[in-house]
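Data block below; observations after.
Residue numbers (this note's numbering): 2 to 251.
Put into structure tokens, the structure is as follows:
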């Protein structure tokens, strides 16, 4: 029997919901206005499920290390298949919970557009932020959150936009320049004026600002990263929340 689906139209708004998918939190969301106003913000972090997933990850790591030391061989195909399956199921549950929170937050503030970073092509790699396996778990979870949110938000008549993620976390939202991460707490960003601020929150402001800036200057692909188009004889500055505020003032 054919099913008729009614198309839902959401009214345009002068605010968007910008989402930063971080390592420190599953998602950090902010409501950013066209004039650079930040109306609301929220950290989404289902800690209990993340701890359960990380326990499985540590078990896989321990078993892999012990097996490799004993056999002196490459791990066989399907090694720890059960633990990987459980981890994937927990990741799926995390993604669903985060998606629901993002959608409810956007609905509460009556926005039409949810803005994500375009992470397609990003590859997991080991480094200061953790092991390669940890990065892979995060990347899978991030992709699933975006996929589920896109499906649900489109059903509700909303719109999903992806912006260029370059330098959204590396530069301070207040325009003070490049940030450095705190050695004590990696989730804190230290600005050039020695101000400390949550790195994910600063990035979420810049994501929203980059959407509005691209819209104002007519970048239909939302790929704009820098204020200036040419690097000849000029030090190009990435678009931040401060850029948007100065643009609206002028």
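Cβ atoms here follow ideal geometry from the backbone N, Cα and C, with glycine treated the same way. It should be emphasised that the depicted structure is a prediction, and the values quoted were computed from it without experimental measurement.
- The Cβ atoms of residue 57 and residue 87 lie closer than 8 Å to each other.
- As DSSP reads the structure, residue 45 sits in a beta bridge with 28.
- With fewer than 16 other CB atoms across the displayed protein chains lying within 10 angstroms of its CB, residue 185 is exposed.
- As the crow flies, the alpha-carbon of residue 105 is around 13 Å from that of residue 20.
- Counting every other CB atom within 10 Å of its CB across the protein chains shown gives residue 92 a total of 16 or more, marking it as buried.
- Nearest C-alpha to residue 80 among 156, 167, 68: 68.
- Residue 64 and residue 48 have their alpha carbons spaced roughly 24 Å apart.
- Between residue 201 and residue 188, the C-beta spacing is below 8 Å.
- Residue 206 sits away from residue 164, with the two beta carbons spaced by 8 Å or more.
- Boundaries for residue 111: no beta strand (DSSP E) harbours it, and the DSSP string shows neither H nor E there.
- In the three-state reduction of the DSSP assignment, residue 190 falls in the strand class, which pools E and B.
- DSSP, read as helix, strand or coil, puts residue 116 in strand.
- The straight-line gap separating the alpha-carbon atoms of residue 247 and residue 99 is approximately 33 Å.
- In this structure, residue 177 lies away from residue 160, with their beta-carbon atoms at least 8 Å apart.
- When only Cα atoms are considered, residue 162 and residue 109 end up about 19 Å apart.
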